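Notes follow the structure.
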Amino acid sequence: MNPADLRAAFVEDLTAVAPDIDPDSLSDDDHLQDDLGLDSMDFLNLVSALHKRFGLPIPEADYPELATPAKAVRYLARALAG
Amino acid sequence: MPSLGADMEAGKLTEWLVAPGDRVARGDIVAVVETQKGAIEIEIFEPGEVAELLAEPGQTLPVGAPLARLRAPGETDEGAAATPAAQAEPETRPDRAPEPEPVPPSAPEPAREAEPPRAPVAAGGGADEAMRASPAAKARAAEAGIDLGAVAGSGPGGAVLLADVEKHLAAQEPAARKAAPASRAPAKPGLDMAEMRRAIAAAMSRAKREIPHYYLAHEIDLQKAQDWLSAQNATRPPDRRLLMGALLIRATIRALGRVPELNGRHEGEAYSPSKPVHCGLAVAMRGGGLIAPAILEAQEKDPDAIMEAMRDIVARTRSGRLRMSEITQGTITVSALGETGVDALFGVIYPPQVALVGFGTPRTRPAVQSDAIVARLSVTASLAADHRVSDGRRGATFLAEIDRLLQEPETL
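Protein chains in written order, with our numbering: chain A, 1 to 82; chain B, 1 to 412.
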């Protein structure tokens, strides 16, 4: 998967968790909690969705690497490559 | 039409999930009603057989108006026909075969009264009643000022139903009506933010008017709970992981075992403590507003079961349907600010409950241990409680018990 595909997949799972987020106005540096208002339940639901989609374990220690769409795409690319 | 909120005067029936002839058991979901809290599933509290539906989808009814007529197990048609709404008198004749057609022969289907009738089937359609139309259709047509004769009926015998009137109205002013809803997509179907704000205002005004609140706060060391949680979650896939919120709620529910008078409902002049804990959970709506549905029978649930119930109820609060019992039966409420809030919250009790437990955002703070200052995760727990029922000393015992339980997370 190239970064554009990863981003599209991430945004799809994000907007499924928080349907009011407009994918078109989403910035790569928006912080999921501080800017987009995800709470811990939303975030866990997003991690669950990414886990199911990519088969990655995504331990809690890695949560900070999912803090923004840009970070998340880099994390997913690295994890899938490794 | 049940009351689903302190200021609810009327509700709109959106869907029937049963039909005449269906057998229902206590707790079955029979209908969906649109309220200030979004679409709510209405449960039935009496077993029996649905004899007749008295309201149509789309119809708005005042609180207390009958939605349907229920035949109690063993009741005859004659008995049921004489009894409006769900007040059918149960008789003790089990295993009677249900009659197939509960509508009395003298009354054509659409000839009921518009307002909640005392005897809904008595009128039989006056002889001078030329137009066959359902009560809801008549009311809507009168309200909109249209002639029922101009509306094509799709009901039995060509009777005009509410849906026909709505269709007629929509056809008359197509552009204006269709454009409006599309411009603003609500976070949840059927949820009106202004109505929700009114509902919150009504409940909180009543709380501040009627409940003599007292407040306590206590800082709790969460480091042990956090360490235990991290160790647990490291071994679990994401959809089985626990959130700190599940431990805080579990500890709150367990602590009620020591101070049970904080769990109950103060209705009218009397306070009734509750044995089951129906633990309300303040759920913030994305985009604003708040609903506090209850996790029913929460005293039986371990942290994993609490977590599962939280996932389910948060999801349904935000994007699905809650059940009537969940929004009307709570016996205590927990409000937690989560990870990105402030240090403490002091709640307003959700009437008729008598206590609200608040948790601020857990933070790493300096703590003193054996004369040394160490960094520990901690949270400020607060209690807002009703002085008619308890005093500060009991409230303090309660918060201290929550603290004690959270120091032994593996035993929660």
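The beta carbon of each residue, even a glycine, is placed where N, CA and C say it ideally should be. Quick caveat: nothing in here was measured; it's all calculated off a predicted structure.
Chain B within 8 Å of residue i, Cβ atoms only
i       : result
A/Asp20 : yes
A/Gly55 : no
A/Leu44 : yes
A/Val11 : no
A/Pro69 : no
A/Val73 : no
A/Glu60 : yes
DSSP-derived helix/strand/coil call for residue i
i        : result
B/Val415 : The displayed coordinates of chain B run from 1 to 412. Any statement about residue 415 of chain B would go beyond what the structure contains.
B/Glu15  : strand
B/Gly266 : Note that residue 266 of chain B is His in the sequence shown here, rather than Gly. Looking at B/His266 - three-state DSSP - the assignment turns out to be strand.
B/Ala81  : In this prediction, B/Ala81 has a pLDDT of 43, which is less than 50 and means its spatial position is unreliable; what the coordinates show is noted afterwards. Of the three classes helix, strand and coil, the one that applies to B/Ala81 here is helix, per DSSP.
B/Ser274 : coil
B/Gly245 : helix
B/Ser3   : coil
B/Ser370 : coil
B/Ala255 : helix
B/Val357 : strand
B/Tyr350 : coil
B/Ser335 : strand
B/Glu308 : helix
B/Ala419 : Nothing can be reported for residue 419 of chain B, as the shown portion of chain B is limited to 1 through 412.
B/Arg316 : helix
B/Ala375 : strand
B/Val24  : strand
B/Asp227 : helix
B/His218 : strand
B/Glu52  : strand
B/Val417 : The requested residue 417 of chain B is not part of the displayed model; chain B covers only 1 to 412.
A/Arg78  : helix
B/Val160 : strand
B/Val151 : coil
B/Ile146 : coil
B/Arg394 : helix
B/Ala136 : helix
B/Thr340 : coil
A/Ala67  : coil
B/Ala381 : strand
Proximal residues of chain E, C-beta to C-beta of residue i below 9 Å
i        : result
B/Thr361 : Looking at the structure shown, chain E is missing, and the protein chains on hand are A and B.
Chain A contact for residue i (CB, 8 Å cutoff)
i        : result
B/Thr340 : yes
B/Arg376 : no
B/Val314 : yes
B/Arg286 : yes
B/Met310 : yes
B/Ala123 : Per-residue confidence for B/Ala123 stands at a pLDDT of 37, beneath the threshold of 50, marking its modelled position as unreliable; the derived number appears in the next sentence. False, the Cβ-Cβ gap to chain A never drops below 8 Å.
When the options are compared against residue i, the one with the closest alpha-carbon
i        : options                                : result
B/Ile253 : B/Met307, B/Cys279, B/Gln223, B/Pro62  : B/Cys279
B/Asn263 : B/Leu54, B/Asp343, B/Asp371, B/Tyr350  : B/Tyr350
B/Pro413 : B/Pro62, B/Pro20, B/Gly395, B/Gly74    : This structure cannot speak to residue 413 of chain B, because chain B is shown only from 1 to 412.
B/Ile291 : B/Ala315, B/Arg388, B/Ser272, B/Tyr271 : B/Ala315
B/Ala225 : B/Leu377, B/Val18, B/Gly392, B/Gln59   : B/Leu377
B/Leu296 : B/Glu339, B/Ala309, B/Val334           : B/Ala309
B/Thr35  : B/Ala203, B/Leu54, B/Glu49, B/Gly11    : B/Gly11
B/Leu54  : B/Arg206, B/Met1, B/Ser382             : B/Met1
B/Ala246 : B/Pro276, B/Gly338, B/Asp164           : B/Gly338
B/Lys275 : B/Ala201, B/Gln329, B/Pro47            : B/Gln329
B/Val277 : B/Thr331, B/Ala270, B/Met244, B/Thr235 : B/Thr331
A/Leu46  : B/Arg241, B/Ala51, B/Glu210, B/Thr60   : B/Arg241
B/Met196 : B/Gly27, B/Arg286, B/Ala159, B/Leu405  : B/Arg286
B/Val32  : B/Arg26, B/Ile40, B/Ala25              : B/Ile40
B/Ala19  : B/Ile200, B/Glu52, B/Gly48, B/Arg71    : B/Glu52
Cross-strand partners of residue i (DSSP beta bridge)
i        : result
A/Val17  : A/Val17 pairs with nothing; no bridge assigned.
B/His213 : B/Asp386
B/Arg71  : B/Glu49
B/Glu43  : B/Ile29
Which of the residues in the segment 229-248 of chain B, read from start to end, lie with their CB under 8 Å from any CB of chain A?
Ser230, Asn233, Ala234, Pro237, Pro238, Asp239, Arg241, Leu243, Met244, Gly245
Just by C-beta distance, which residues in the segment 14-41 of chain A are closer than 8 Å to chain B?
Ala18, Pro19, Asp20, Gln33, Asp34, Gly37, Asp39, Ser40, Met41
Name the residues in the segment 196-210 of chain B whose C-beta lies less than 7 Å from a C-beta of chain A; which are they?
none
Short-range partners of chain A found in the segment 317-332 of chain B, where Cβ spacing is below 8 Å:
Ser319
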